[in-house]
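In the working numbering, the protein residues as written are 203 to 586.
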């Protein structure tokens, strides 16, 4: 990762050279071109080729807004002229706007009813235009011609029946593919260095995955981010080879292939003790409703005047309760053993990652040793 001082030096040098203004706002550098009024934000830190991207973004402010219309010739029919008060981005159709965004590296997609526009930093003006007209863009991407914009629906009255429409769940598969695409582009920017993972050839990428997600997918919550990362890991699209490196070293698959894997999120199981207690309370309530007289408690000794039959019945009931308690303890111990087994499997996966890292270092050492022996052999010396 590039330090804040490097980014600050770059911003100060470029703004001074181009005659722009610079100010610090909300932890970012705000760059303004006083000639055309265009502005751009530069984060205080950069990752990978971030400095080159920042320089390109600052220079892009020299150009007018990409949606600025071309000079118009005199119209013969006043009815065909566009209103000057119309927003600039409405001069383009949705199809033309999407085509321009795609050509500049933006990859828009719809997930959970929301519009996502991952892409390079210097193409952010196109992403901003897509979000300004997100209702039209979502309708076009989903082929939904009946999409309504905010304000089209009427406000229900108190006497009307209200229908609550819940937001759509996020698409883990689409988000995972989009994130893999960003990582694949980042690896390509770093030179597409080959890297092997379990015999499968991929490419190497150095960087922090959490920062990529925070920059391009800031609207993800923690649970959805965990699901997406788990999907990429289980489908062998990403693998962290050197987690202790700074920045970490990742293996990225060359091509996208979901492998037909389906991720299901199981419902958490209730505590067996809670279930047993609720069932016992329900049985007691039903018994009390049917019989007017209360049954003797199981943990109290039988009355002195009780006969052999009553004593045997109470003892039988106590034996049943003891067996149920032992069963609940066994179920609890089984769940604890399963949890411990999952932890062991996780530790094993971590050891496998470290083993791959050691193997990679070993292979590199062998290659270097062979090169050294070749040099010694050419000069008639002994090999190591």
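We put the beta carbon where it would ideally sit given N, CA and C, even for glycine.
{"Item": "Same chain only: Cβ atoms within 6 Å of residue 343, ignoring 5 sequence neighbours per side", "Value": "312"}
{"Item": "C-alpha distance - residue 403 paired with residue 391, whole-angstrom precision", "Value": "18 Å"}
{"Item": "Option in 222, 223, 238, 253 with minimal Cα separation from residue 206", "Value": "253"}
{"Item": "Three-state secondary structure (DSSP) of residue 227", "Value": "strand"}
{"Item": "Candidates 257, 383, 264, of which the one nearest residue 319 by Cα", "Value": "383"}
{"Item": "Nearest-angstrom Cα separation, counted from residue 412 out to residue 429", "Value": "13 Å"}
{"Item": "Alpha-carbon spacing of residue 294 relative to residue 332, whole angstroms", "Value": "11 Å"}
{"Item": "Cβ-based burial, residue 300 [other Cβ within 10 Å; buried from 16]", "Value": "buried"}
{"Item": "Outcome for residue 433 when other beta-carbon atoms lying within 10 angstroms are tallied against a minimum of 16", "Value": "buried"}
{"Item": "Bridge partners - residue 318, DSSP secondary structure assignment", "Value": "311"}
{"Item": "Rounded Cβ spacing between residue 453 and residue 397 (contact assumed at less than 8 Å)", "Value": "5 Å"}
{"Item": "Spatial distance of residue 539 from residue 458 (CA atoms)", "Value": "36 Å"}
{"Item": "Start and end residues, beta strand (DSSP E) containing residue 243", "Value": "241–245"}
{"Item": "Reduced DSSP secondary structure (H/G/I, E/B, other) of residue 459", "Value": "coil"}
{"Item": "Alpha carbon of residue 441 to alpha carbon of residue 556, nearest angstrom", "Value": "11 Å"}
{"Item": "Inter-residue CB distance, residue 324 and residue 259 (contact presumed, cutoff 8 Å)", "Value": "5 Å"}
{"Item": "Environment of residue 216 [buried if 16+ CB atoms lie within 10 Å]", "Value": "buried"}
{"Item": "Length of the line joining the Cα atoms of residue 568 and residue 575", "Value": "10 Å"}
{"Item": "Opening and closing residue of the beta strand (DSSP E) in which residue 439 lies", "Value": "Neither: residue 439 is in no beta strand (DSSP E) and is coded neither H nor E."}
{"Item": "Any non-hydrogen atom of the ligand ATP within 8 Å of residue 213 CB", "Value": "Of the ligands one can find in the structure shown there are none, so the ligand ATP has no counterpart to examine."}
{"Item": "Cβ pair residue 444, residue 570 closer than 9 Å", "Value": "no"}
{"Item": "Buried versus exposed call for residue 437 [16 or more other C-beta atoms within 10 Å across all chains shown]", "Value": "buried"}
{"Item": "Residues that residue 396 bridges to, as DSSP identifies them", "Value": "405"}
{"Item": "Simplified DSSP assignment, three categories, for residue 382", "Value": "helix"}
{"Item": "Residue 339 beta carbon less than 9 Å from that of residue 310", "Value": "yes"}
{"Item": "Beta-carbon spacing of residue 415, residue 422 below 9 Å", "Value": "yes"}
{"Item": "Cβ neighbour criterion (16 or more within 10 Å) applied to residue 495", "Value": "Bear in mind that the predicted position of residue 495 carries a pLDDT of just 45, short of 50, making it too unreliable to give a figure here."}
{"Item": "C-alpha gap between residue 447 and residue 439, whole angstroms", "Value": "20 Å"}
{"Item": "For residue 263, the three-state DSSP class (helix, strand or coil)", "Value": "coil"}
{"Item": "Contact under 9 Å by Cβ, residue 456 with residue 547", "Value": "no"}
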